[in-house]
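**Student:** In this note's numbering, the protein residues as written are 10 to 113.
I have a structure I would like to understand better, so I am pasting it below and will then ask my questions one at a time.
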């Protein structure tokens, strides 16, 4: 990955990918972008280094994100807010994973 490729550029690229997928599949834009700030946070968390050895590349992307946030926020928030938002992101799970793999 190019070190000059800033976070803002990466998230803008991802938003463009989502937009293009949305246009091609005629999915409601409101539905996909309603969780944009959460999506940004999830992507940031994915890029943070994680010391924990229990997280493997075989883990589901959302499992990996939840494992990374457990040292940052309370388990109660994970159980309510993040689990609910992850359900909302399931329709774009494959696209999110592809983007993160490309960027990582």
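Yeah, the Cβ is synthetic: ideal placement off N, Cα and C, and Gly gets one too.
From a predicted model like this one, the values you see are computed outputs, not experimental measurements.
Throw me the rounded Cβ distance for the residue 87 and residue 96 pair, which I believe falls under 8 Å.
**Tutor:** With 8 Å as the limit, residue 87 and residue 96 do not qualify as a contact, their Cβ atoms being about 13 Å apart.
**Student:** When DSSP labels each residue in this structure, what does residue 69 get in the three-state scheme?
**Tutor:** coil
**Student:** Could you give the residue range of the alpha helix (DSSP H) that holds residue 96?
**Tutor:** 92 to 98
**Student:** Residue 106 and residue 98 look like a contact to me (Cβ under 8 Å); what is the Cβ gap, rounded to whole Å?
**Tutor:** Under the criterion of beta carbons closer than 8 Å, residue 106 and residue 98 do not qualify as touching, at roughly 11 Å.
**Student:** Of all Cβ atoms in chain D, is any one closer than 8 Å to the Cβ of residue 105?
**Tutor:** The structure shown contains no chain D; it is built from a single protein chain.
**Student:** Relative to the C-alpha of residue 93, which candidate in 75, 69 and 108 has its C-alpha closest?
**Tutor:** 75
**Student:** Cα separation between residue 89 and residue 102?
**Tutor:** 19 Å
**Student:** In this structure, does DSSP put residue 79 in helix, strand or coil?
**Tutor:** coil
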